[in-house]
Amino acid sequence: MAFMQRSIFALRAATPAMRAPAFRIAPSMRRFISTETKDAIETAIGTAPVVLFMKGTPEFPQCGFSRATIQVLGHQGVDPQKFAAFNVLEDEELREGIKEFSQWPTIPQLYINKEFIGGCDIVMSMSQSGELAEMLQQQDLLAPEEEEHME
Amino acid sequence: MLRIRPVLRQTTLLRHMSSSNTPITDAINSRVKQEFTPVFFKVNNDSHKHAHHAAMRGSDNTIESHFRLTIVSDKFEGKSAPIRHRMVYKLFEEEMAQPNGLHALSLTTKTPKEWEALEKK
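As given, the protein sequences belong to chains A and B, one line each in that order.
Heads up: the first sequence is residues 1 to 151, going by full-length UniProt numbering.
Heads up: the second sequence is residues 1 to 121, going by full-length UniProt numbering.
As C-alpha cells, then:
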C-alpha cells in the first residue's frame, strides 16, 4: 500500500499568496486557531479526495486507532492516488488546530471530499454496515481493478 | 511486615473516604446518565491496554485515560454519527483538553430502535 504521507509544512509553503479576503466572524463562531492554521488545514483537506489526519504515518501508525482506520481504508480499496495522510505528531499546531477546526477532540479524523466523516469508531461502523464502501464507490474513490484480458 | 498491614489498610480506607479513586469513571457515569437518560449504558475502561503507548509515555494518568462507552438513547434520534459523538465529547470537553486527562473515548451511540435491530442480528 503506497499511501502517500504529506506534510502540512510543505503545503503551507506551497499556499499561493492569494488568499480569500478576510471575512468577519460572528462572535459565536470565534475560533482560537489562527487564520494561517485554518487556511493550512483547509488546503490540507483539499489535497486529495480522501484525507486522513492521523498519528504516525500509514506505514508506521503511532496509535491503535490510527492504525485501525488506515487498515479499514486499505481493505476498502481506497485508491492511493486519491488519498493523503497527515501526521499530526509532526506539527503541534496542526494537532491542536485540527481538533478545533473539526470540532472533534481526538485523532484520527477522516475527510472525504472535504466533508468531515468522523473518527475511528465511525469509520469502523460505516465499514461494517457497508455505508463506507457505498460512499467510496459513489464518489469514485476506489482503486481501479486490475484488468485481466481473457480472450 | 505484620506491622505495616494495618497502616496500609487505613490509608486505603482514608482515600476512599476523602475522594473517589476513579473520578473520571464517576464523572462519565453521572454525566451520561443525566444528559442522555439512556435505556442502555455501558462503560469499559480500556486504559490498561494503552498504558504503554507512545502518547501515554510520561503521563500521570494511565488508569483512567481510555474508555469505551455504549449509549442507547432517544436523544440520538435523527442525528448523524458525528453529531452524536460530538454530543458525548461535549460532556467531557474539559477532561479531554487536559494533558493528563481523558485521552480517548470509543463511542457506540445508538437509538433504541437501532439497538433493537442490532440485537436481532
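Just so it is clear, CB atoms sit at the ideal spot from N, CA and C, and this is done for glycine as well.
Note that the coordinates shown come from a computational prediction; the quantities given were computed from them, not determined experimentally.
Neighbour flag for residue i against chain B, beta carbons, 7 Å
i          : result
Asp-39(A)  : no
Asp-121(A) : yes
Gln-62(A)  : yes
Gly-97(A)  : no
Gly-118(A) : yes
Proximity test, Cβ basis, 7 Å: residue i and chain A
i          : result
Ser-65(B)  : no
Ser-106(B) : yes
Ala-81(B)  : yes
Cβ-heavy atom distance, residue i to the ligand ZN, below 6 Å
i          : result
Leu-132(A) : The ligand content of the structure shown is nil, which means the ligand ZN is not present either.
Per-residue contacts from residue i into chain B (C-beta, under 9 Å)
i          : result
Gln-139(A) : The contacting residues do not exist; Gln-139(A) stays about 17 Å from chain B at best.
Where residue i meets chain B, residues with beta-carbon distance less than 7 Å
i          : result
Pro-105(A) : Tyr-89 and Met-96
Residue i: contacting residues in chain A (beta-carbon distance under 9 Å)
i         : result
Ala-54(B) : Lys-55, Gly-56, Gln-62, Cys-63 and Leu-89
His-48(B) : Ordered by position in chain A, no residue passes the 9 Å Cβ test against His-48(B), which lies about 13 Å from the chain.
Chain A residues whose Cβ lies nearer than 8 Å to that of residue i
i         : result
Arg-86(B) : Gln-103 and Trp-104
Expected contact under 8 Å - CB spacing of residue i and residue j to nearest Å
i          : j          : result
Glu-77(B)  : Thr-111(B) : 5 Å
Ser-66(A)  : Lys-55(A)  : 5 Å
Ser-106(B) : Arg-68(B)  : 4 Å
Practice item. Assess, as a yes-or-no matter, whether the region 91-103 of chain B is touched by the region 20-32 of chain B under the definition of 3 or more beta carbon pairs within less than 8 Å. Key: yes
Check your understanding: Is it a yes or a no for the region 90-97 of chain B touching the region 51-60 of chain B, going by three-plus beta-carbon pairs under 8 Å?
Key -> no
Practice item. Tell me, please, whether the region 104-121 of chain A touches the region 65-85 of chain B by the rule of three or more beta-carbon pairs shorter than 8 Å. Key: yes
Exercise for review: Jot down the residue ranges of each uninterrupted alpha helix (DSSP H) in the region 53-92 of chain A, minimum 4 residues, whole runs only, in chain order.
Suggested key: 64-76
Review point. Can you find at least 3 beta carbon pairs, one from the region 37-52 of chain A and one from the region 38-54 of chain B, that sit closer than 8 Å?
Key: no
Point to revise | Contained alpha helix (DSSP H) runs [length at least 4] in the region 82-117 of chain B, N- to C-terminal order | key: 93-97
**Study point:** contact_flag[the region 94-103 of chain A, the region 125-143 of chain A] where n(CB pairs < 8 Å) is 3 or more
**Key:** no
Review point. Okay, do the region 68-77 of chain A and the region 31-42 of chain A touch, 3+ Cβ pairs below 8 Å being the bar?
Key: no
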